[in-house]
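Asker: Protein chains in written order, with this note's numbering: chain A, 181 to 581; chain B, 113 to 439.
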Amino acid sequence: MNKTTVGITLIAGALALAGCGEQQKPAAPQASGIEIRIGHAGPTTGAIAHLGKDNENGAKLAIDEANEAGIKIGGQAAKFVFIGVDDQADPKTGTTVAQKLVDDKVSGVVGHLNSGVTIPASAIYNQAGIPMVSGSATNPKLTEQGFKNVFRVVGRDDQQGPAIASYLAAAKKPKLVAVIDDATAYGEGIANEVEKTLKAANIKVLPREKGTDKTTDWKAVLTKLRGRSPDAVFFGGMDATGGPLLKQGRELGMKAVFSFGDGACTDKMTELAGKAAEGLLCSQAGIPPQAASKKFLEAYKKKFNTDPILYAPFTYDAANLLIEAMKKADSAEPQKYLPELQKISGFTGATGPIAFDDKGDRKDAEITIFTMKGGKIEPIAVVKSGKTVPYEEFVKSMGGK
Amino acid sequence: MDTFLQQLINGLTAGSVYAVVALGYTMVYGIIQLINFAHGEVVMIGAMVAFTVINALAPSGLPPLAVVLIGTGCAVPVCMLVGYSMERLAYRPLRGAPRLAPLITAIGVSIILQHLALMIWSRNIMAFPQIIESRTYFIAGAAITTVQIAILGICVLLMGALALLVYRTPLGTAMRATAQNPQVAGLMGIDVNRVIAATFVIGAALGAVAGVLFGTYYGIAQYTMGSVLGLKAFSAAVLGGIGNIPGAMLGGVLLGLVEALGAGYIGDLTDLCQYGWLSGLIDACAGGGHFILFGSNYQDVFAFVVLILVLVIRPSGLLGERVGERA
Numbered sequence: 181m182n183k184t185t186v187g188i189t190l191i192a193g194a195l196a197l198a199g200c201g202e203q204q205k206p207a208a209p210q211a212s213g214i215e216i217r218i219g220h221a222g223p224t225t226g227a228i229a230h231l232g233k234d235n236e237n238g239a240k241l242a243i244d245e246a247n248e249a250g251i252k253i254g255g256q257a258a259k260f261v262f263i264g265v266d267d268q269a270d271p272k273t274g275t276t277v278a279q280k281l282v283d284d285k286v287s288g289v290v291g292h293l294n295s296g297v298t299i300p301a302s303a304i305y306n307q308a309g310i311p312m313v314s315g316s317a318t319n320p321k322l323t324e325q326g327f328k329n330v331f332r333v334v335g336r337d338d339q340q341g342p343a344i345a346s347y348l349a350a351a352k353k354p355k356l357v358a359v360i361d362d363a364t365a366y367g368e369g370i371a372n373e374v375e376k377t378l379k380a381a382n383i384k385v386l387p388r389e390k391g392t393d394k395t396t397d398w399k400a401v402l403t404k405l406r407g408r409s410p411d412a413v414f415f416g417g418m419d420a421t422g423g424p425l426l427k428q429g430r431e432l433g434m435k436a437v438f439s440f441g442d443g444a445c446t447d448k449m450t451e452l453a454g455k456a457a458e459g460l461l462c463s464q465a466g467i468p469p470q471a472a473s474k475k476f477l478e479a480y481k482k483k484f485n486t487d488p489i490l491y492a493p494f495t496y497d498a499a500n501l502l503i504e505a506m507k508k509a510d511s512a513e514p515q516k517y518l519p520e521l522q523k524i525s526g527f528t529g530a531t532g533p534i535a536f537d538d539k540g541d542r543k544d545a546e547i548t549i550f551t552m553k554g555g556k557i558e559p560i561a562v563v564k565s566g567k568t569v570p571y572e573e574f575v576k577s578m579g580g581k
Numbered sequence: 113m114d115t116f117l118q119q120l121i122n123g124l125t126a127g128s129v130y131a132v133v134a135l136g137y138t139m140v141y142g143i144i145q146l147i148n149f150a151h152g153e154v155v156m157i158g159a160m161v162a163f164t165v166i167n168a169l170a171p172s173g174l175p176p177l178a179v180v181l182i183g184t185g186c187a188v189p190v191c192m193l194v195g196y197s198m199e200r201l202a203y204r205p206l207r208g209a210p211r212l213a214p215l216i217t218a219i220g221v222s223i224i225l226q227h228l229a230l231m232i233w234s235r236n237i238m239a240f241p242q243i244i245e246s247r248t249y250f251i252a253g254a255a256i257t258t259v260q261i262a263i264l265g266i267c268v269l270l271m272g273a274l275a276l277l278v279y280r281t282p283l284g285t286a287m288r289a290t291a292q293n294p295q296v297a298g299l300m301g302i303d304v305n306r307v308i309a310a311t312f313v314i315g316a317a318l319g320a321v322a323g324v325l326f327g328t329y330y331g332i333a334q335y336t337m338g339s340v341l342g343l344k345a346f347s348a349a350v351l352g353g354i355g356n357i358p359g360a361m362l363g364g365v366l367l368g369l370v371e372a373l374g375a376g377y378i379g380d381l382t383d384l385c386q387y388g389w390l391s392g393l394i395d396a397c398a399g400g401g402h403f404i405l406f407g408s409n410y411q412d413v414f415a416f417v418v419l420i421l422v423l424v425i426r427p428s429g430l431l432g433e434r435v436g437e438r439a
């Protein structure tokens, strides 16, 4: 084949394709109605891509269901269009894709996944006046920026301290508790909340011990604590420091119950602390996906042929909240439906009833308490507005399996 | 009392690891008056290599001790190679240059090695697989684990072996001769370059073992672990008298003890509420409260306070610098 024939073939092919395009085009816009774009941002590549995809699936499911339901907004049939972007769990990329969503004229955004990415991105949505609902960012800062358009459907880190402390107090009835933190904003914050809650329950708390977020040698601290024989130890910090802490505590022969916040509430604790990790108590904001509503779990399984991993029920609710607010306002204009989103009531999602407080945080957000059993963290209770419900009962109340 | 004894045991274990790392600093300083700031990274690489091998072999069903030995057996040659390349590529070309040049090069090598490790092993923490059944024994209420006993034993062995090497073998004699005067040692038929390279390689081998011990003791390894450990070992070497081999051993053990006892008791000592006249002034003390000025998070500070005190009060260290012999 010489060059000329190649050229002709290519042109012919291009014409043929162009022809196809023209023939199909008129079909879509003919249908009367409006197109409403809803964005989702999360890391769909990189180390936590599986979690990003899980979040995306949750939002996508909500939008597909809304399209099937044939919702009318402003008297016109609404067609919801899903636009998913990848923030790579990177704050810089996060702001870039946030701008892209704004440029694409989305009416609302579900996301992002990481607090560190959501916080800078939220400023961009705020500037554009676009409502955003995160299903997984737990850092308190997100809703402390004074942005009226920022919401989250998951609990805050600072709601965890009181939850784990009240569970500890009720379930283990300790008389003396030692509280350690890693001198970071997160660790100190959660440790302070725990101490406050314990003291309010008339439990004695030893003077605070501190390490750093790089401490690997906790023996000096633990030896000192062992001398005072506390019944329980709470540590505010991450698994990288919590693992060695737990391991060394057991090596020193401490019998106390160890408890952690979500930073150290991972299966990795078994890897880091070995058998010493068995029986630890820890908390996570939100509820495990298995505890979400049965309806959601079945729909998710049917559509994606897999079970939700972590926050999918929350992003599903986040997308549904946006749609619900649009329905109530009868408009997809951000300025018009934002007030409806703020004062939403009577909404029950896959994760239970949802309403927002003035800051955009979820009222009565659930915190789940886990324990380490056979190398895996297992949910044992759900704390909601100060009340502790055993996990099985909670699942039953949600109509789950 | 059992608390005090426990802090002593903790301090001795950590201190003996510091001592082995400090030997690497002091040997190199003794022979070419270079503070090899990259030595901490060699220790880190030792731990990382060993962990990688041990993690790979853990499911194989080999006896745990064999797995750890194979891991160490892989880490030691790798670190020796790193130590040799470091000397050959970065320091030898600068022999005879002003002392500041190799010092800054050492800092550069340290940064390069750390980032190399970051690229190879990522920033995630590597956990030591739970293959060793660590048993705990109680002596007068103080707990000591089999791992701690092993660490103490291995460190004493290593220090003994090094002392034998330096004071009883031809290589050791050559090292000491080179330390005293490289030019004259060269005239006496000693291959000075080879002796210096050997010093680096031996120091790196010790560092590799120390890395494995440190990693096994705490159960984790990460690419940043070398910097603080290296600085502490350096402080230990200065405390004992840099360039002085028994000094490094003494300095390491003392530093470990100072750290453990310091971190264990500083919180109580600086609880201002126990001092009658002060407690009235502080609101937090009311009703049996506490106001702790320095908590145990100052643990890492002790090494550096010791370093400063030694440099101010006795710059040549407890046992004296070796450089004195050179004049």
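Here a beta-carbon is modelled for each residue, glycine too, at the ideal position from N, C-alpha and C. All of these numbers come straight from a predicted model, not from anything done at the bench.
With DSSP as the reference, label B:T257 as helix, strand or coil.
Answerer: Against the second sequence, residue 257 of chain B aligns to sequence position 145. Here B:T257 sits in strand by DSSP.
Asker: Show which residues of chain A have a CB atom less than 9 Å away from the CB atom of B:A372.
Answerer: Your numbering for residue 372 of chain B matches position 260 in the second sequence. What B:A372 touches in chain A: D397, K399, A400, T403.
Asker: Counting only Cβ pairs nearer than 9 Å, list the residues of chain B close to A:E375.
Answerer: Here residue 375 of chain A is taken as the residue at index 195 of the first sequence, counted from 1. Those within 9 Å of A:E375 in chain B number zero; the least Cβ separation is about 12 Å.
Asker: For the alpha helix (DSSP H) containing A:K353, list its first residue and its last residue.
Answerer: As a working note, residue 353 of chain A is residue 173 in the first sequence. Unbroken run through A:K353: none, as it is neither H nor E.
Asker: Buried or exposed: which applies to A:H230, given that a residue is buried once 16 or more other Cβ atoms fall within 10 Å of its Cβ?
Answerer: The sequence position of residue 230 of chain A within the first sequence is 50, counting from 1. It counts as exposed.
Asker: Step through the CB atoms of chain E and report whether any lies within less than 8 Å of the CB of A:G238.
Answerer: Looking for chain E here will not work: the only protein chains present are A and B.
Asker: Name the residue from B:V321, B:T336, B:A316, B:I182 whose alpha carbon lies nearest to the alpha carbon of A:D393.
Answerer: Here the question's residue 393 of chain A lines up with position 213 in the first sequence. Ranking the options by Cα distance to A:D393, first place goes to B:T336.
Asker: Residues of chain A with CB closer than 8 Å to the CB of B:T257, please, in chain order.
Answerer: On the second sequence, residue 257 of chain B is found 145 positions in, with the first residue counted as 1. Neighbours of B:T257 on chain A, chain order: E431.
Asker: How would you call A:Q325, buried or exposed, if buried means at least 16 neighbouring beta carbons within 10 angstroms?
Answerer: For the purposes of this step, residue 325 of chain A is identified with residue 145 of the first sequence, where counting begins at 1. Label assigned to A:Q325: exposed.
Asker: Is it right to say B:R306 is buried, meaning 16 or more other beta carbons lie within 10 angstroms of its own, or is it exposed?
Answerer: Residue 306 of chain B sits at position 194 when you count from the first residue of the second sequence. Burial call: exposed.
Asker: Does the stretch 420-435 of chain A come into contact with the stretch 130-137 of chain B, if we say contact requires no fewer than three beta-carbon pairs (one atom in each stretch) closer than 8 Å?
Answerer: Touching, no, given that fewer than three Cβ pairs across the two stretches are closer than 8 Å.
Asker: Any idea what DSSP makes of A:L518, helix, strand or coil?
Answerer: Residue mapping note: residue 518 of chain A aligns to position 338 of the first sequence, counting from 1. Helix.
Asker: For the candidate residues B:L369, B:Q226, B:Y329, B:D114, whose alpha-carbon lies nearest to that of B:R235?
Answerer: Here residue 235 of chain B refers to the residue found at position 123 when the second sequence is read from its first residue. The option with the nearest alpha carbon to B:R235 is B:Q226.
Asker: Would you mind reading off the limits of the alpha helix (DSSP H) that contains B:T138?
Answerer: Numbered from 1 along the second sequence, position 26 holds the residue referred to as residue 138 of chain B. Where B:T138 is concerned, the enclosing alpha helix (DSSP H) stretches over 114-144.
Asker: Against chain A, with Cβ distances strictly below 8 Å, would B:S246 count as a contact?
Answerer: In the second sequence, residue 246 of chain B corresponds to position 134, counting from 1. Yes, its Cβ sits closer than 8 Å to a Cβ of chain A.
Asker: Of all the options A:K516, A:K475, A:L460, which has the alpha carbon lying nearest to the alpha carbon of A:M506?
Answerer: Locating residue 506 of chain A in the first sequence gives position 326, counting from the first residue. Taking only the C-alpha atoms, the option nearest A:M506 is A:K516.
Asker: For B:V161, tell me which candidate among B:Q334, B:A415, B:G368, B:F414 has the shortest Cα-Cα distance.
Answerer: Taking the second sequence and counting its residues from 1, the one referred to as residue 161 of chain B is at position 49. Closest option to B:V161, Cα to Cα, is B:Q334.
Asker: Which word fits A:A350, buried or exposed, when buried means at least 16 other C-beta atoms lie within 10 angstroms of its C-beta?
Answerer: Your numbering for residue 350 of chain A matches position 170 in the first sequence. The residue in question, A:A350, is exposed, as its Cβ has fewer than 16 Cβ neighbours within 10 Å.
Asker: Quick check: is the beta carbon of A:G417 nearer than 8 Å to any beta carbon in chain B?
Answerer: Locating residue 417 of chain A in the first sequence gives position 237, counting from the first residue. Closer than 8 Å: no.
Asker: Hey, out of A:A400, A:T377, A:K328, A:V359, whose CA is closest to B:F446's CA?
Answerer: As displayed, chain B neither begins before 113 nor continues past 439, which places residue 446 of chain B out of reach and without an answer.
Asker: Between the C-alpha atoms of A:N247 and A:I310, what's the straight-line distance to the nearest angstrom?
Answerer: One-based indexing of the first sequence puts residue 247 of chain A at position 67. One-based indexing of the first sequence puts residue 310 of chain A at position 130. Straight-line Cα distance between these residues: approximately 21 Å.
Asker: Give the secondary structure of A:D266 by DSSP, where H, G and I count as helix, E and B as strand, and everything else as coil.
Answerer: As a working mapping, residue 266 of chain A is identified with position 86 in the first sequence. It is a strand residue.
Asker: Within the chosen definition, does the stretch 326-341 of chain A reach the stretch 520-535 of chain A through at least 3 CB pairs nearer than 8 Å?
Answerer: In short, these stretches touch, since the Cβ pair count reaches three.
Asker: Counting only Cβ pairs nearer than 8 Å, list the residues of chain B close to A:A420.
Answerer: For the purposes of this step, residue 420 of chain A is identified with residue 240 of the first sequence, where counting begins at 1. Those are I237, I332, Q334, listed as they occur along chain B.
Asker: Skipping 5 residues on each side, what residues in its chain have a beta carbon closer than 8 Å to that of A:P519?
Answerer: For the purposes of this step, residue 519 of chain A is taken as the residue at position 339 of the first sequence. So the list reads A509, once near-sequence residues are dropped.
Asker: What is the residue span of the alpha helix (DSSP H) that A:E373 lies within?
Answerer: Working through the first sequence from its first residue, we reach residue 373 of chain A at position 193. First-last of the alpha helix (DSSP H) with A:E373: 365-380.
Asker: With a floor of 3 residues, list each beta strand (DSSP E) that falls wholly inside the stretch 224-273 of chain B, ordered by position along the chain.
Answerer: Correct list: 248-251, 254-257.
Asker: At a CB-CB cut-off below 8 Å, which residues of chain A make contact with B:D395?
Answerer: As a working note, residue 395 of chain B is residue 283 in the second sequence. Chain A residues near B:D395: none, gap ~15 Å exceeds 8 Å.
Asker: Taking C-alpha atoms, which residue in A:C445, A:T403, A:G441, A:G443 lies nearest to A:K435?
Answerer: Within the first sequence, residue 435 of chain A is the residue found at index 255, counting from 1. If we check each option's Cα against that of A:K435, A:T403 comes out closest.
Asker: Going by DSSP, what residue range makes up the beta strand (DSSP E) through A:S439?
Answerer: Numbered from its first residue, the first sequence carries residue 439 of chain A at position 259. Where A:S439 is concerned, the enclosing beta strand (DSSP E) stretches over 437-440.
Asker: With a threshold of 8 Å between beta-carbons, can A:R388 be considered close to chain B, or not?
Answerer: Within the first sequence, numbered from 1, the residue matching residue 388 of chain A stands at position 208. Chain B, which has a Cβ nearer than 8 Å to the Cβ of A:R388, makes this yes.
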